[in-house]
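There are 2 protein chains.
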Amino acid sequence: MPWLEDFAVGDRVGFGRYEVTHDEVVAFAGAYDPQPFHLDDAAAAKTHFKRIAASGWHTCAMTMAMVVKRQQEIDAEDGDDSGGLGAVGIDALRWLRPVYPGDVLRCETEVLAVTPSRSQPHMGSVKSRMTVFNQHDQPVLTQEPIALYRRRGQAA
Amino acid sequence: MPWLEDFAVGDRVGFGRYEVTHDEVVAFAGAYDPQPFHLDDAAAAKTHFKRIAASGWHTCAMTMAMVVKRQQEIDAEDGDDSGGLGAVGIDALRWLRPVYPGDVLRCETEVLAVTPSRSQPHMGSVKSRMTVFNQHDQPVLTQEPIALYRRRGQAA
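Chains as they are written, first to last, in the working numbering: chain Z, 22 to 177; chain L, 22 to 177.
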């Protein structure tokens with residue numbers, strides 16, 4: 022994982038590939054969001070979804086799976102010299118379009134702000150805008166994660 | 022589910038009870054957030070978590086499970102006269118404290134804003150602040166969901 026100094030406002034990157042399956046949509050919804058339109062096509066046909074659609078929180082979870090996979094690929098390349106300290110939270114999460122079984126998702130991120138901490142000089146935060154697209158290049162989700170990173174050469 | 026007119030700024034309600042289990046924390050993390058501190062105690066011991074902790078997205082999913090259960094209880098009492106049109110998104114999501122296996126979660130919400138739509142007079146939005154607490158009454162998560170509701174007596 023990178024360090025605070027590795028980020029610059031405007032940096033953009035695309036990554037990830039996630040195939041959404043019917044079984045996974047139903048399993049997630051059954052456990053965490055058992056609304057009829059997330060569980061079967063007949064119930065979804067009566068709604069604006071038209072057919073079974075993933076829970077919005079499932080889309081967030083699938084997005085996280087893409088993020089973690091990318092982090093782990095970077096760590097494997099760079100060694101375990103991680104500056105990442107985890108996420109504080111998310112601003113401006115929006116579910117823009119339904120996500121359906123059969124969709125294939127991918128991510129794009131752009132760095133919005135890099136802010137060294139005033140109170141804790143060994144670290145700082147990176148705010149990004151992340152957009153998740155489906156296979157038609159339609160945005161299905163946007164969010165602005167805020168993550169903490171260590172600064173190089175600064176004792177904790 | 023209620024209608025737009027059923028909400029007023031300042032309305033508060035508490036609901037939900039969710040027992041966080043070790044097996045569920047590991048299963049969610051394995052699928053969507055396979056970072057070591059979400060998968061086993063030994064890896065978590067080296068981090069600020071100290072022991073295995075739930076993925077932040079898992080906490081969101083468990084929160085949704087409490088929300089849907091409450092909605093379905095209200096629908097069962099009031100009949101299927103639903104004014105709910107789903108969520109647009111979430112502002113200001115913050116993970117405040119780790120959530121551990123054995124924790125018991127509950128929710129409190131307060132209505133922040135009720136806004137009739139200018140362009141679509143049959144509907145409007147409700148923005149709330151939701152806080153999730155653990156069994157020690159410590160807040161573990163806050164978020165501000167934005168949900169759409171139909172207005173009574175207005176044709177779509």
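Yeah, the Cβ is synthetic: ideal placement off N, Cα and C, and Gly gets one too.
Quantities reported herein were computed from a predicted structural model and do not represent experimental measurements.
{"query": "CB contact below 8 Å: Met85/Z versus chain L", "result": "yes"}
{"query": "Beta-carbon proximity of Ala134/L to Val41/L, cut-off 8 Å", "result": "no"}
{"query": "Environment of His69/Z [buried if 16+ CB atoms lie within 10 Å]", "result": "exposed"}
{"query": "Extent of the continuous beta strand (DSSP E) run through Lys67/Z", "result": "No beta strand (DSSP E) contains Lys67/Z, which DSSP labels as neither H nor E."}
{"query": "The stretch 91-106 of chain L touching the stretch 153-169 of chain Z, judged by at least three CB pairs closer than 8 Å", "result": "no"}
{"query": "Chain Z contacts from the stretch 109-128 of chain L (Cβ-Cβ distance under 7 Å)", "result": "Val109, Gly110, Ile111, Asp112, Ala113, Leu114, Arg115, Trp116"}
{"query": "Minimum Cβ-Cβ distance from Asp62/Z to chain L less than 8 Å", "result": "no"}
{"query": "Start-end ranges of the beta strand (DSSP E) lying completely within the stretch 109-171 of chain Z, minimum 3 residues", "result": "125-137, 144-154, 160-171"}
{"query": "N-terminal and C-terminal residue of the alpha helix (DSSP H) that Glu26/Z is part of", "result": "No alpha helix (DSSP H) contains Glu26/Z, which DSSP labels as neither H nor E."}
{"query": "N- and C-terminal bounds of the alpha helix (DSSP H) containing Phe36/L", "result": "Phe36/L -> not in any alpha helix (DSSP H); beta strand (DSSP E) instead, spanning 33-40."}
{"query": "Inter-residue Cα distance where the pair is Gly105/Z and His143/Z", "result": "12 Å"}
{"query": "Spatially closest choice to Arg118/Z from Gly37/L, Arg171/L, Gly110/L, Asp158/L, by CA coordinates", "result": "Gly110/L"}
{"query": "Assigned secondary structure, Gly104/Z (DSSP; H/G/I helix, E/B strand, else coil)", "result": "coil"}
{"query": "Burial state of Gln141/Z (16 or more Cβ within 10 Å)", "result": "exposed"}
{"query": "Terminal residues of the alpha helix (DSSP H) in which Phe49/L lies", "result": "43-53"}
{"query": "C-beta neighbour in chain L for Val89/Z, strict 8 Å", "result": "yes"}
{"query": "Beta carbon of Trp116/L nearer than 8 Å to that of Gly77/L", "result": "yes"}
{"query": "Assumed close pair His43/L, Pro122/L - CB separation to whole angstroms, cut-off 8 Å", "result": "4 Å"}
{"query": "Chain-ordered neighbours of Gln56/Z on chain L, where CB pairs are closer than 7 Å", "result": "Val89"}
{"query": "Within chain L, partners of Trp78/Z - CB distance below 8 Å", "result": "Trp78, Cys81, Ala82, Met85"}
{"query": "Counted within 10 angstroms of its Cβ, other Cβ atoms place Val147/L as buried (16 or more) or exposed", "result": "buried"}
{"query": "Sequence-distant residues of the same chain with beta carbon closer than 7 Å to Ala74/L, five excluded per side", "result": "Phe58, His59, Ala65, Pro119, Val120, Tyr121"}
{"query": "Partner residues on chain Z for Tyr39/L, Cβ-Cβ distance less than 7 Å", "result": "Here the premise fails: no neighbours, minimum Cβ distance about 10 Å."}
{"query": "For Gln175/Z, three-class secondary structure by DSSP", "result": "coil"}
{"query": "Per-residue DSSP class, three states only, for Gln93/L", "result": "helix"}
{"query": "Val125/L classed as buried or exposed, judged by whether at least 16 other C-beta atoms fall within 10 angstroms", "result": "exposed"}
{"query": "Within-8 Å CB hit, Tyr53/Z to chain L", "result": "yes"}
{"query": "For Val89/Z and Met151/Z, the rounded distance between their alpha carbons", "result": "14 Å"}
{"query": "6 Å CB neighbourhood of Val34/L in its chain, flanking five on each side removed", "result": "Thr130"}
{"query": "Selected residue, minimal CA-CA separation from Ser149/Z, among Gly51/Z, Asp112/Z, Glu45/Z, Ala52/Z", "result": "Asp112/Z"}
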